[in-house]
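Asks: The following block contains the structure, expressed as structure tokens.
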Amino acid sequence: FVFMWVFTLATLAIVCPPSAVELAERKEGETCGGFCDSHGYCAKNLECVKQKPARLAFSFLSPGTPSAVGRCERSKSADEPKAKLTVEGFSKEGPKIVGGKTVGGVRSLNPEESPELLPISEFAMGEIRKASASNAPLSVTKIISATSQVIAGTKYVLVLQLSDGSRHSVQVIDQAWRTPRFSLIADNVLAWMHL
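When you line the sequence shown up against mature numbering (1 follows the signal peptide of the UniProt record, and there is no 0), it's residues -20 to -1, 1 to 175, in that order.
Right, here's the structure in full:
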């Protein structure tokens, strides 16, 4: 029993020496991996796929088989179709997103075609009025830009033009299951325009 523990600890402490010989990248179908990657590494867009060995009784006592040899196969991400993504005038190749909205992805909204922005801008305007030291009646004259981001609810970032000539960048969280539904998390004055 003691021998097994010593053997297990010894195999956990193995450190691969630096290779004196630079191995060439392996092509699709060639062997790869092995103890300390002695059979080489796969080329770009390939991954070393290793067969999983059958689990034996008391296999929890050994650290596994880091020396498994595999075959270089085309990685699944290399086979995914690419879609052209455009962000603020720059285009970049990226993986195709299937299913629409992604959590954490920021979407630009057209204020003229997004009726959900009206109650959000009205809520933000009410919060700005509460914090304002002025008695002048403020109102939103235009939603200049808007983005949304799916998080724990939806975070909206709006740039609002107000009746006093100021522009505010507001961040509002919409959580339909909560009361109150909206929360203002940021209000920054961007610019003043003299009307």
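C-beta: ideal position from N, C-alpha, C; glycine also.
Taking only the alpha-carbon atoms, compute the straight-line gap between Q129 and I153 and give it to the nearest angstrom.
Replies: Within the sequence shown, residue 129 is the residue found at index 149, counting from 1. Within the sequence shown, residue 153 is the residue found at index 173, counting from 1. C-alpha separation (whole angstroms): 9 angstroms.
Asks: Helix, strand or coil for R158, going by three-state DSSP, please let me know.
Replies: Here residue 158 refers to the residue found at position 178 when the sequence shown is read from its first residue. Coil, per DSSP.
Asks: Report the three-state DSSP secondary structure of A58 (helix, strand or coil).
Replies: Stepping through the sequence shown from its first residue, residue 58 is reached at position 78. Reliability fails at A58, whose pLDDT of 49 lies under 50, so the model's placement of it is uncertain and the value that follows must be treated cautiously. Three-state result, A58: helix.
Asks: Do S143 and L170 have their beta-carbon atoms positioned less than 8 angstroms apart in this structure?
Replies: Numbered from 1 along the sequence shown, position 190 holds the residue referred to as residue 170. Numbered from 1 along the sequence shown, position 163 holds the residue referred to as residue 143. Not closer than 8 angstroms, so no.
Asks: Ordered along the chain, which non-local residues of its own chain (more than five positions away) have a Cβ less than 8 angstroms from that of T121?
Replies: Reading the sequence shown from its first residue, position 141 is the one you call residue 121. Closer than 8 angstroms at the Cβ level, and outside the excluded window around T121, lie Q141, L142 and S143.
Asks: Does residue 194 pass the burial test, meaning 16 or more other C-beta atoms within 10 Å, or should it be called exposed?
Replies: Summary: the structure shown does not reach residue 194, with the chain confined to residues -20 through 175, and so no result is reported for it.
Asks: On the CB-based measure, 16 or more other CB atoms within 10 Å of its CB, does S101 come out buried or exposed?
Replies: Sequence index remark: in the sequence shown, residue 101 carries index 121 (1-based). By the 10 Å Cβ count, S101 comes out buried.
Asks: Is it buried or exposed, R87, if we count other Cβ atoms within 10 angstroms and call 16 or more buried?
Replies: Position 107 of the sequence shown, counted from the first residue, corresponds to residue 87. So R87 ends up on the exposed side.
Asks: Check for me: the beta strand (DSSP E) holding G133 runs from which residue to which?
Replies: Translated into the one-based positions of the sequence shown, residue 133 becomes position 153. Start and end: G133 to L142.
Asks: Straight-line CA distance for A113 to E93?
Replies: Your numbering for residue 113 matches position 133 in the sequence shown. Your numbering for residue 93 matches position 113 in the sequence shown. A113 and E93: Cα-Cα distance of roughly 33 angstroms.
Asks: So if DSSP puts E93 in a beta bridge, which residue, or which two residues, is it bridged to?
Replies: Position 113 of the sequence shown, counting from 1, holds the residue named residue 93. Looking at the DSSP assignment, E93 forms no beta bridge with any residue, so it has no partner.
Asks: Identify every residue that forms a DSSP beta bridge with S149.
Replies: Here residue 149 is taken as the residue at index 169 of the sequence shown, counted from 1. DSSP lists V139 and N168 as partners of S149.
Asks: Contact defined as beta carbons within less than 8 angstroms: I believe V137 pairs with Q155. What is the distance between those atoms, to the nearest angstrom?
Replies: Along the sequence shown, one-based indexing puts residue 137 at 157. Along the sequence shown, one-based indexing puts residue 155 at 175. About 16 angstroms; that fails the 8 angstroms criterion.
Asks: Give me the Cβ distance between N25 and R54, rounded to the nearest whole Å; I'm assuming they're in contact under 8 angstroms.
Replies: Stepping through the sequence shown from its first residue, residue 25 is reached at position 45. Stepping through the sequence shown from its first residue, residue 54 is reached at position 74. About 6 angstroms separates the two Cβ atoms, so the contact holds.
Asks: Hey, quick one: how far does the beta strand (DSSP E) through E27 stretch, first residue to last?
Replies: Numbered from 1 along the sequence shown, position 47 holds the residue referred to as residue 27. Its beta strand (DSSP E) spans residues L26 to K30.
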